[in-house]
Structures are given as C-alpha cells and as structure tokens.
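Novice: Pasting a structure here, questions to come.
2 protein chains.
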Amino acid sequence: MPAPQLSNTAYVILGFLDAGPRSGYEIKQAVDRSTRFFWAASYGQIYPELKRLRDGGLVESERDDAGARKRAIHRITREGRRALRDWLAEPAAVTELRDEKLLKLFFSDSAGSGKRASSTGASVLEARASEHDEVAEQLRALEPSVIALGKPGKLAVLRYGIEFNEWGARHCRNVAGELEREREESA
Amino acid sequence: MPAPQLSNTAYVILGFLDAGPRSGYEIKQAVDRSTRFFWAASYGQIYPELKRLRDGGLVESERDDAGARKRAIHRITREGRRALRDWLAEPAAVTELRDEKLLKLFFSDSAGSGKRASSTGASVLEARASEHDEVAEQLRALEPSVIALGKPGKLAVLRYGIEFNEWGARHCRNVAGELEREREESA
DNA sequence: TACGACATGTAACCAGTTACATGATTTA
DNA sequence: TAAATCATGTAACTGGTTACATGTCGTA
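As you go down the protein sequences, you meet chains A and B in turn.
Residue numbers for the first sequence, in our numbering: 1 to 187.
Residue numbers for the second sequence, in our numbering: 1001 to 1187.
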C-alpha cells in the first residue's frame, strides 16, 4: 500500500526517532533544542501525529513503566525508515516565507509624514537586527556540541543559520542607518 | 470600541488600499507583484477578509459597474487608516520560519550510508541555491520600478530580498562544495 | 509542602490553501 | 470561437497554536 501522505512535522518525528527510541516528551525537547529555529512543533501536534504514525505502521510504541516515571517510548519501524528515506530523496516544496517585520517595513511608507515613515522603517529594521543578533548568538552557543556530533547535515544547517543571521544583523543596521540619514537630510 | 484584532493579511489589504481604492482582484494582483515574496495571500483569504474589514468599518465598498466590467471597489476609512498606523507602530511578532529544505538538510544524515547522506545534503543545498538564484533574479527585475516609486520602505524590503538571496545562493554552493569534497575524501 | 520538571493527551480555535462554482469581456 | 483575463465568492480541508485537563516525581 502507498504510504498515507505525511506532514513535514511527521517527518521531524521520524527523523528524531531514527536516531533512537524516545518518548513524545523527549521528541519535543529535541525539537526545542534544534529544529525549532526553522521548524517548530507543539505537543498539540506531536502526540496526535505520533498516533497517526502508529496507525500507519511507521512507528511502534511500548509502555516503559520501569523507570521512575511512566511513559511510552516510540520506535521507528522499517516502513518508517523507508518513508523517511523516500521523503529525503524527494525535492522539497518551494520555500514560502511569512515575515511580519518585512510586511511592516514594506508598509512603513504609510506610517505618516516622511519623517514618521522613515523612523518607523528604521525601528522595524533595528528590531529585525536585534532579532538576527539574538538568534545568531543562540545558534553559536550550539556550535560546539553540533561539531562534536560529527553530522555534516546538522552542521550545515547550523552554519546556514549562524551566517544568515550575522548577515541579516549587519544588513539591517546598514539600511537603518541609510534611512536615518535620509530623514536628517530631508529635515 | 477597541478594534477587533485583525490578521496580518487584513493589514496587507489595508496597506494597499491606503495607496488608493481598489477591487479585490486588484489587491490580489498587487500582492502577487510585491508582498508575495514574504507574505502571500489567496482569493480565499482576501474576499472574506474584505468582508470582515467592511463589517468592522475599516473599509467601505461601492459598486463600480460603469467600466467594462462590474466590480466592487474598496476604500480605506479614517478608522482603517488609524488601525493601519497603530499596527505599524506596534512591535512585530517574533519571526517564525518553516523551511522544508533546511529540514531535509538537517535529516540528510539519515539518508543512508555516509556517501548517500552527503549527496542528499549536497543536492538539497543545490536546490536551495537555485531557488535563491531564481528569487534574486525576480527581485532584481523589480528594482527599477521600485526605485522610480521613491518609497524607502518598499526599496528597503526589496534590497533585503535581493541581498539575502544573493548571499544564500553563494553560501549554499560553498557548503555544497565542502560536502562533496568530504564525500570524495572519505570514498 | 509547594514548585518545577516529567509526561500525555484533547478541544477549540485560527490562518491559510485548494478546489469548486459562476459568469462576463477581451483578445488571438 | 476558444482561450485568457477580469471578477467574486464559498466550502472543505490542513496544519498548526493555545488553552485546558490531569497526574506523577524529585527537590528546595
């Protein structure tokens, strides 16, 4: 039978389970430490998704009440592994962005007078720069452990994130500066 | 009364209407020529959203059956303008990404043997590089008309898009090259 | 003993896409 | 005359978040 088409979040779960059996809670922790920078997932997605994967035979679950706490641990099956590999081999969909800060910057021209507009634009750019800084810092903190892992894909994603955010912070501050100068000149 | 909280797409509509009255169809065209690179919108969103804005008094609509085709044109009200300005003054939400290609790159380590994994990773990076190239090209094509507009916010967004995509294409090809070399060395 | 972390799940809601449905007008 | 473009809308669905509900265990 053809695999029922899965959401990307289902593949995130399969991806983490491919590295070893885990509880739903642990999957969520793994997401929060890694993919959340480019693919977040909430419990409200993970648990129902785990159930669907189980129903589809891509994951097996067993109770683990031996430890201090009772929980279920989930294990990827051969079909699950096949589904993961097939998904990896398929080309990814076109990347769609939804960036509220760019939206505000785009419409900042409507914020009022020329001076008001350019200061609105500059403050959006400054907010974006700070955000880029913060994310870059969080990602840099992860670098040593990811290097230690020795997983080239994971390191490549991390580097993309770090360098993108460093570029973004620089770029936004440059453009914000230009906008400020324009405002001063027109004053 | 406090404005009922609006979706970002509602503000996109208000933003375009702030530049002059338009039909729903024309709003969709405007989106497709500009914001779609960072905020897309479908008819299935635009028309119901226009109705909500009308119900909330932020937009007024009138029939325009004078032209060749019958249509409704929508006009932003004073309250609509106020809502737009208030939204612009508020800080934007934290930017959330959902990037399927980064997800595949992240899990490419699970694609099979070391060689299979790094070639999967490299092909995802090549796909991402091509995508960056294409978007950069589309954005560069818009540059002259946006410069002519003389709207600094719109130009700032465009430059962000162009330079980000140029950076992205370069970066992805560099990293893909490194991955390929690693694979050759380990062969 | 209370707080934080572990642990699992559901229900209501929200934003958005896709497919469907309809029909007029312009252009090749 | 057929196809593209103009034009408006709805319904079904999807993927996701948030809030709720419940309970345990370790520790300060």
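Where a beta carbon is used, it is the ideal one built from N, C-alpha and C, also for glycine.
Does the distance from the C-beta atom of Leu1014(B) to that of Leu1084(B) stay below 8 angstroms?
Specialist: Yes, they are a contact pair.
Novice: State yes or no: is the C-beta of Leu17(A) within less than 8 angstroms of the C-beta of Phe1107(B)?
Specialist: Not closer than 8 angstroms, so no.
Novice: Have a look at Asp86(A), Ala136(A) and Glu184(A) and flag the residue whose alpha-carbon is nearest the alpha-carbon of Arg170(A).
Specialist: It is Ala136(A).
Novice: Hey, how far is the Cα of Glu91(A) from the Cα of Glu1079(B)?
Specialist: Looking at the sequence provided, one finds Pro at residue 91(A) rather than Glu. Going from the Cα of Pro91(A) to the Cα of Glu1079(B) covers about 46 angstroms.
Novice: Can you look up Arg71(A) in the DSSP assignment and give me helix, strand or coil?
Specialist: Reduced to three states, the DSSP call for Arg71(A) is strand.
Novice: Can the beta-carbon of Arg183(A) be found closer than 8 angstroms to that of Ser119(A)?
Specialist: Yes; because the gap between Cβ atoms is below 8 angstroms, this pair is in contact.
Novice: For a quick check, are the C-beta atoms of Leu1103(B) and Phe38(A) less than 8 angstroms apart?
Specialist: Against a cut-off of 8 angstroms, the Cβ pair of Phe38(A) and Leu1103(B) comes out as a contact.
Novice: Provide the residue(s) that pair with Asp64(A) in DSSP beta bridges, ordered along the chain.
Specialist: BP columns for Asp64(A) point to Arg71(A).
Novice: Given a cut-off of 8 angstroms, decide if Ala127(A) and Lys101(A) are closer than it, judged by their beta-carbon atoms.
Specialist: In this structure, Ala127(A) lies closer than 8 angstroms to Lys101(A) by Cβ.
Novice: Would DSSP call Glu163(A) helix, strand or coil?
Specialist: Here Glu163(A) sits in helix by DSSP.
Novice: Please list, in chain order, the residues of the region 1096 to 1125 of chain B that have any C-beta partner in chain A closer than 8 angstroms.
Specialist: Within the region 1096 to 1125 of chain B, the residues whose Cβ lies closer than 8 angstroms to some Cβ of chain A are Glu1096, Leu1097, Arg1098, Asp1099, Glu1100, Lys1101, Leu1102, Leu1103, Lys1104, Leu1105, Phe1106, Phe1107, Ser1108, Asp1109, Ser1110, Ala1111, Gly1112, Ala1117, Ser1118, Thr1120, Gly1121, Val1124 and Leu1125, listed in chain order.
Novice: Nearest-angstrom Cα distance between Glu185(A) and Leu1142(B)?
Specialist: Distance between the alpha carbons of Glu185(A) and Leu1142(B) is about 27 angstroms.
Novice: Which bits of chain B does Glu18(A) rub up against, with CB to CB less than 8 angstroms?
Specialist: For the record, residue 18(A) in the displayed sequence is Asp; it is not Glu. Correct list: Phe1107 and Ser1110.
Novice: Quick one: Cα of Thr9(A) to Cα of Ser113(A), how far?
Specialist: Rounded to whole angstroms, Thr9(A) to Ser113(A) spans 45 angstroms at the Cα level.
Novice: Please work out which residues of its chain come closer than 6 angstroms, Cβ to Cβ, to Gly168(A), disregarding the five sequence neighbours upstream and downstream, and give them in chain order.
Specialist: So the list reads His132, once near-sequence residues are dropped.
Novice: Taking Gly121(A) as the reference, give the member of Gly1161(B), Gly1153(B), Tyr1160(B) and Thr1095(B) with the closest Cα.
Specialist: When each option's Cα is compared against that of Gly121(A), the closest is Gly1153(B).
Novice: Let me check one thing: in DSSP terms, what residues is Gly1076(B) bridge-paired to?
Specialist: Checking the sequence, you will find Ile at residue 1076(B) rather than Gly. Answer by DSSP bridge pairing, in chain order: Val1059(B).
Novice: Going by DSSP, name the residue or residues bridged to Ser22(A).
Specialist: Per the sequence shown, residue 22(A) should be read as Arg rather than Ser. In the DSSP output, where bridge partners are listed per residue, Arg22(A) has His74(A).
Novice: Quick one: what's got a C-beta closer than 7 angstroms to Met1001(B)'s C-beta in the same chain, skipping five residues either side?
Specialist: Note that Met1001(B) scores a pLDDT of 41, beneath 50, so its modelled location is shaky and nothing firm can be said.
Novice: Look at Val175(A) and Arg1159(B) and say whether their C-beta atoms are less than 8 angstroms apart.
Specialist: A contact, by the Cβ cut-off of 8 angstroms.
Novice: Among Asp55(A), Arg69(A) and Ala68(A), which residue has its Cα nearest to the Cα of Ile76(A)?
Specialist: It is Asp55(A).
Novice: Quick check: is the beta carbon of Arg159(A) nearer than 8 angstroms to any beta carbon in chain B?
Specialist: With 8 angstroms as the cut-off, Arg159(A) counts as an interface residue toward chain B.
Novice: Check whether the Cβ atoms of Arg71(A) and Tyr25(A) sit closer than 8 angstroms, and answer yes or no.
Specialist: Cβ distance < 8 angstroms, so Arg71(A) and Tyr25(A) count as in contact.
Novice: CA-CA distance, Arg69(A) and Ser145(A)?
Specialist: Taking the straight line joining both Cα atoms gives about 28 angstroms.
Novice: Comparing alpha-carbon positions, which option in Tyr1043(B), Ala1041(B) and Lys1115(B) lies nearest Leu1179(B)?
Specialist: Minimum Cα distance to Leu1179(B) is reached at Lys1115(B).
Novice: In three-state DSSP terms, what is Trp1087(B)?
Specialist: Helix.
Novice: With a CB to CB cut of under 7 angstroms and the five nearest residues on each side skipped, what residues in its chain are close to Pro21(A)?
Specialist: So the qualifying residues of the chain are Ile73, His74 and Arg75.
Novice: Going along chain B in order, which residues have a C-beta closer than 9 angstroms to the C-beta of Pro144(A)?
Specialist: Neighbours of Pro144(A) on chain B: none; closest Cβ ~18 angstroms, over 9 angstroms.
Novice: Figure out for me which residue from Pro48(A), Ser23(A), Arg98(A) and Gly44(A) has the closest Cα to the Cα of Gly189(A).
Specialist: Past the boundaries of the shown model lies residue 189(A); chain A is included only from 1 to 187, so the question cannot be answered.
Novice: Does any residue of chain A have a CB that is nearer than 8 angstroms to the CB of Leu1006(B)?
Specialist: Taking Cβ atoms only, chain A never reaches closer than 8 angstroms to Leu1006(B), which makes this a no.
Novice: Establish whether the CB of Pro2(A) and some CB of chain B are separated by less than 8 angstroms.
Specialist: Unreliable placement is indicated for Pro2(A), whose pLDDT of 47 sits below 50; no coordinate value is reported for it.
Novice: Helix, strand or coil for Arg36(A), going by three-state DSSP, please let me know.
Specialist: It is helical.
Novice: For Arg98(A), which of helix, strand or coil comes out of DSSP?
Specialist: Residue state, collapsed to three classes: coil.
Novice: So what does DSSP say about Ser1007(B), is it helix, strand or coil?
Specialist: Ser1007(B): coil per DSSP, three-state reduction.
Novice: Does DSSP classify Ala41(A) as helix, strand or coil?
Specialist: Looking at Ala41(A) - three-state DSSP - the assignment turns out to be coil, as it is neither helix nor strand.
Novice: Between Ala1148(B), Leu1125(B) and Gly1161(B), which lies nearest to Gly1177(B) when the distance is taken from Cα to Cα?
Specialist: It is Leu1125(B) whose Cα lies nearest to the Cα of Gly1177(B).
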